[in-house]
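Trainee: Below you will find the structure I want to go over with you.
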Amino acid sequence: MALIDVKVPDIGDFKDVAVIELLVKPGDRVAVDQSLITVESDKASMEIPSSHAGVVKELKVQLGDKVSEGSVVLTLEAEGAATAAAPEPAPAPVAAPVVAEPVAAAVPAPAPAPTPAEAPVPMVAPAAASSPAAPHQPASAPALGLPHASPSVRKFARELGVPLAEVKGSGPKGRITLEDVQAFTKAVMAGTLQTQAQAAQAPAPAAGTGVGLDLLPWPKVDFAKFGPIERKELGRIKKISGANLMRNAVMIPAVTNHDDADITELEAFRVQLNKEHEKSGIKVTMLAFLIKACVAALKKFPEFNSSLDGDALIVKHYWHIGFAADTPNGLVVPVIKHADQKGILQISQEMAELAKKAREGKLGPADMSGATFTISSLGGIGGRYFTPIINAPEVAILGVCKSQMEPKWDGKQFVPRLMLPLSLTWDHRVIDGAAAARFNAYLGQILADFRRVLL
Ligand code: CAO
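Just so it is clear: in the sequence shown, position 187 is 187 by the UniProt record's numbering, and no numbers are missing.
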């Protein structure tokens, strides 16, 4: 048995390419042409095959090392006829564009590797895939953003009929590994996963079941390459609210109307009220008036106080108003129940109690359920307008920002008026733009003259 060095063969014009995968380890028995490592430039990846059969004694490269033609990959205890005194040159490596083919079955099997003298296969950019050995890129393949996989993994996927575009890569830079393909296959076999082809043949999902969006994979970036980073796990509330927000943002055809309400008189009244009730410890903020004003608008426009149930609308004859509360652990939405039956002072008091409980992480499920409409107020912080996300299964949400003094034309002159920016997001499956504009206009009228609540 002779020890021989297996070297990187002629890989065309490419020099100092990074080792991104070690496909063998000391003690492994390898065959001639078996892939040993994968290298990658910024344009393509390729596997470096073994020139000899034998047992790996020592790896001479590590992940991240840069190699060029002639670099020693490993030492091998050569077997059989291949134990020649002078090592044979390795066959040409097989190149693959960095992007993976979305449909593995469309990728032809790698051509038998020619000898380096015949045709070294350069690494090719997908756009310049004119080399005969370059894998075929289907016309429908997105040019960017797909995970990549080595030729041997592609071959493995192709043999199993696994669509690589649907496999989540767990390797560096989202690279799909052999284990990823195996895990995908297991999940499909176990019935916990459907391929897109299977999904296309399946009957349309029933209302209320989830559907796939066929989106590009999330971009994977090695942020540490650009500067120092710190990893912080998301808290429980962020994880739960994030999943809910994602569903609501994606599943609701939402539109936001922006408007302004003149609250000059209402603010004067609020300040007066707080002076009168200074000793009670109750502080009235604009949000309490908004809750009451919204109840009046919801009564006038009942479809805003509803939920979709398949092809039917459930219109609620109770008015429970949720308000978004910012806490150190994330966003929560406590609910003022039966806001229609409560006065401004009682609403203010309940809001203060619920906000305190929220900040202390003491809200129970009952405190946060049953809302028919939600208000998200950033008025204490600032901003002009924003686009709040509907809190499903509600069909509308009101966003409020900080009021500001603005010059308004009264027909004769400009006068200073305190204007409150309103942003109403509504579900277009239930509500039309005209109704949303009317809702905002009516809300503005109430806030401008609160006596209208009594009407
Ligand atoms: N315009 C101008 N000032 C306003 C205002 C408005 N629209 N709304 C409130 N203010 C003032 C208040 O009067 C109060 O002033 P003083 O300190 O001088 O008395 C100050 O801003 C702070 O108000 P507040 O925020 O404590 O009270 P609130 O009733 O307006 O809001 C609560 C309570 C719990 C909703 C709020 O604290 C909060 O958490 N807001 C954030 C909600 C949020 O994150 N929404 C975004 C969801 S989407 O991510």
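Beta carbons: idealized from backbone N, C-alpha and C, even for Gly. All figures in this text were calculated on a predicted structure; none of them were measured in a lab.
Can you find a heavy atom of the ligand CAO that lies under 7 angstroms from the Cβ of Phe450?
Mentor: Indexing the sequence shown from 1 puts residue 450 at position 450. Flag unset: Cβ of Phe450 not near the ligand CAO.
Trainee: Taking 8 angstroms as the threshold (C-beta atoms), are Leu76 and Val6 in contact?
Mentor: In the sequence shown, the residue the question calls residue 6 occupies position 6. In the sequence shown, the residue the question calls residue 76 occupies position 76. Their beta carbons are under 8 angstroms apart, which means Val6 touches Leu76 by this criterion.
Trainee: Keeping to the same chain, check which residues put their C-beta closer than 8 angstroms to that of Gly444; ignore five residues upstream and five downstream.
Mentor: Residue numbering aside, residue 444 sits at position 444 when the sequence shown is read from its first letter. Closer than 8 angstroms at the Cβ level, and outside the excluded window around Gly444, lie Asp259, Asp260, Ala261, Asp262, Leu422.
Trainee: With a threshold of 7 angstroms (Cβ to nearest heavy atom), would Pro388 be considered close to the ligand CAO?
Mentor: On the sequence shown, residue 388 is found 388 positions in, with the first residue counted as 1. Yes, the Cβ of Pro388 comes within 7 angstroms of a heavy atom of the ligand CAO.
Trainee: Are the CB atoms of Phe414 and Gly399 nearer to each other than 8 angstroms?
Mentor: One-based indexing of the sequence shown puts residue 414 at position 414. One-based indexing of the sequence shown puts residue 399 at position 399. In this structure, Gly399 does not lie closer than 8 angstroms to Phe414 by Cβ.
Trainee: Any contact of the region 393 to 409 with the region 354 to 363, i.e. 3+ C-beta pairs under 8 angstroms?
Mentor: These segments do not touch.
Trainee: Within 10 angstroms of its Cβ, does Ser280 collect 16 or more other Cβ (buried), or is it exposed?
Mentor: Sequence index remark: in the sequence shown, residue 280 carries index 280 (1-based). When all chains shown are included, Ser280 counts as exposed.
Trainee: For the alpha helix (DSSP H) that Asn274 lies in, which residues bound it at each end?
Mentor: Along the sequence shown, read from residue 1 onward, the residue named residue 274 stands at position 274. Counting along the chain, the alpha helix (DSSP H) containing Asn274 begins and ends at 264 to 276.
Trainee: Measuring only the C-alpha atoms, how far is Lys25 from Glu79?
Mentor: Position 25 of the sequence shown, counted from the start, is the residue given in the question as residue 25. Position 79 of the sequence shown, counted from the start, is the residue given in the question as residue 79. C-alpha separation (whole angstroms): 17 angstroms.
Trainee: Check this for me: beta carbons of Val335 and Ala324, under 8 angstroms apart or not?
Mentor: For this step, residue 335 is matched to residue 335 along the sequence shown. For this step, residue 324 is matched to residue 324 along the sequence shown. Their beta carbons are not under 8 angstroms apart, which means Val335 does not touch Ala324 by this criterion.
Trainee: For Lys232, count neighbouring Cβ atoms within 10 angstroms of its own Cβ and tell me buried if that reaches 16, exposed if not.
Mentor: Within the sequence shown, numbered from 1, the residue matching residue 232 stands at position 232. Lys232 is exposed by the Cβ-count criterion.
Trainee: Check for me: the alpha helix (DSSP H) holding Gln346 runs from which residue to which?
Mentor: Locating residue 346 in the sequence shown gives position 346, where the first residue counts as 1. First-last of the alpha helix (DSSP H) with Gln346: 344 to 359.
Trainee: On the criterion of 16 or more Cβ atoms from any shown chain inside 10 Å, does Arg9 qualify as buried, or is it exposed?
Mentor: The residue you call residue 9 lines up with position 9 of the sequence shown. In the sequence as presented, Arg is not what sits at residue 9; that position holds Pro. Looking at its Cβ environment, which holds 16 or more other Cβ atoms inside 10 Å, Pro9 is buried.
Trainee: Name the residue from Ile48, Leu424, Met46 whose alpha carbon lies nearest to the alpha carbon of Ala254.
Mentor: The residue given as residue 254 occupies position 254 in the sequence shown. Nearest option by C-alpha distance: Leu424.
Trainee: Give the range of the beta strand (DSSP E) segment to which Ala2 is assigned.
Mentor: Locating residue 2 in the sequence shown gives position 2, counting from the first residue. Note, Ala2: beta strand (DSSP E), 2 to 7.
Trainee: Suppose the cutoff is 8 angstroms on Cβ atoms and the five residues either side in sequence are ignored; what does the same chain contact list for Val284 look like?
Mentor: Here residue 284 corresponds to residue number 284 of the sequence shown, with the count starting at 1. The residues are Arg270, Leu273, Asn274, His277, Ile344, Leu345, Ser348.
Trainee: Spatial neighbours of residue 538 within its chain, please: CB distance less than 7 angstroms, with the 5 preceding and 5 following residues excluded, ordered by chain position.
Mentor: As displayed, the chain neither begins before 1 nor continues past 455, which places residue 538 out of reach and without an answer.
Trainee: Ignoring anything shorter than 4 residues, give me the alpha helix (DSSP H) runs that lie fully in the region 369 to 406, in order along the chain.
Mentor: Qualifying alpha helix (DSSP H) stretches: none in this window.
Trainee: Thinking just about the alpha-carbon of each residue, which of Thr256, Thr264, Lys168 is nearest to the one in Gly433?
Mentor: What you label residue 433 is simply residue 433 of the sequence shown in a count that begins at 1. Gly433 has its Cα closest to that of Thr256, out of Thr256, Thr264, Lys168.
Trainee: Do Asp410 and the ligand SAH come close, with the Cβ less than 7 angstroms from some heavy atom?
Mentor: For the ligand SAH, the structure offers nothing, since it holds only the ligand CAO.
Trainee: Hey, would you say Thr372 sits closer than 8 angstroms to His338, going by beta carbons?
Mentor: In the sequence shown, counting from the first residue as 1, residue 372 sits at position 372. In the sequence shown, counting from the first residue as 1, residue 338 sits at position 338. Not in contact: Thr372 and His338 (Cβ atoms no closer than 8 angstroms).
Trainee: Is the closest heavy atom of the ligand CAO to the C-beta of Met351 under 7 angstroms?
Mentor: Taking the first residue of the sequence shown as position 1, residue 351 is located at position 351. Correct: Met351 has its Cβ closer than 7 angstroms to the ligand CAO.
Trainee: So what's Ala134 in DSSP terms, helix, strand or just coil?
Mentor: Position 134 of the sequence shown, counted from the first residue, corresponds to residue 134. Unreliable placement is indicated for Ala134, whose pLDDT of 31 sits below 50; no coordinate value is reported for it.
Trainee: Roughly how many whole angstroms lie between the Cα atoms of Asp449 and Tyr318?
Mentor: Looking up residue 449 in the sequence shown gives position 449. Looking up residue 318 in the sequence shown gives position 318. One C-alpha to the other measures close to 24 angstroms.
Trainee: Should Leu36 and Ser50 be called a contact, given that it needs their Cβ atoms to be closer than 8 angstroms?
Mentor: Residue numbering aside, residue 36 sits at position 36 when the sequence shown is read from its first letter. Residue numbering aside, residue 50 sits at position 50 when the sequence shown is read from its first letter. It is a contact, given that the beta carbons lie within the stated cut-off.
Trainee: Taking buried to mean at least 16 other C-beta atoms within 10 Å of its own C-beta, is Gly54 buried or exposed?
Mentor: Sequence index remark: in the sequence shown, residue 54 carries index 54 (1-based). Buried, since its Cβ has 16 or more Cβ neighbours within 10 Å.
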